[in-house]
Amino acid sequence: MTDWKTMEETLRGELSEYRMNHILGVVEEAEVLAGIHGEDPEKARLAALLHDCTKEFEESWQLQSFAKYGIIIDEELMACPQVHHAFTGSLRAIDEFGVSEEIASAIRYHATGRSGMSRLEMILYVADLTERRRPFADKLTSLREASYRCLEEACAMEALATITREEGRGRYIHHLTRETYETYKPYLNRMGE
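When you read off a place in the sequence shown, starting at 1, and then add 529, the result is the number in this note's numbering.
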């Protein structure tokens, strides 16, 4: 596997300062969540570092990567360009940086979530939104607090917020995001127990 310094330098050479600032915020938040929830902090940090490694790449590059790796581009995938980087980033993380499938899976599902997420997948899914360097971080206090108490509750809250926001923008909602909400929404009823 490629060492941390080399990976970070590679990303700094490819991504904007804004994107790197966000990535480093996710690294910090993922490490905090890993500590709270008993996950390996190094795995959480690594998944966070690479989660947006193709985020700013052109759409043509994303589509070429799908073809390269044999990913079928169906109507749903075409309707959700905002999640392409999660899929291509996970493949790049394996291919170029040599990460494990466990790390790649967290990267793959960080933009959509999914039913039956691993603890590492939940940590990255939540940390991507709740990191403190985002311009709207002050509006995420309740989600961040939920993530410290119960990752499943935070996943339900985030999926619902994503569905509401994307529907408001008239965007297609990926079925994995809907599945995430349906899977974890029972945890919303446990608040305050």
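Ideal placement from N, C-alpha and C gives every residue a C-beta, glycine not left out.
- Rounded to the nearest angstrom, the Cβ distance from Gly554 to Arg661 is 6 Å, consistent with a contact under 8 Å.
- For Glu696, the enclosing alpha helix (DSSP H) begins and ends at 680-697.
- With three or more CB-CB distances shorter than 8 Å, the region 708-719 counts as touching the region 678-686.
- Within the same chain, Cβ atoms closer than 8 Å to the Cβ of His704 are found at Glu605, the five residues on either side in sequence being excluded.
- In this structure, Glu625 sits away from Tyr638, with a CB-CB distance that is not shorter than 8 Å.
- Within the same chain, and ignoring the five residues on either side of Ile692 in sequence, the residues whose Cβ sits closer than 8 Å to its Cβ are Ile702, Thr706, Arg707, Tyr710.
- The residues Arg662, in chain order, have a CB closer than 8 Å to that of Asn550 in the same chain once the five nearest residues on each side in sequence are set aside.
- For the pair Val561 and Arg574, the CB atoms are not nearer than the 8 Å cut-off.
- Per the coordinates, the alpha-carbon of Gly567 lies some 19 Å from the alpha-carbon of Ser629.
- Contact between the region 664-672 and the region 603-620 is absent, with fewer than three C-beta pairs closer than 8 Å.
- In this structure, DSSP gives Glu585 a state outside helix and strand, which the three-state scheme calls coil.
- Inter-residue distance for Ser676 and Arg621 is about 28 Å (C-alpha atoms, whole angstroms).
- The residue among Glu585, Arg648, Ala633, Ile600 with its C-alpha nearest the C-alpha of Glu543 is Glu585.
- In this structure, Gln611 is the residue among Ala633, Gln611, Glu631 with its C-alpha nearest to the C-alpha of Arg694.
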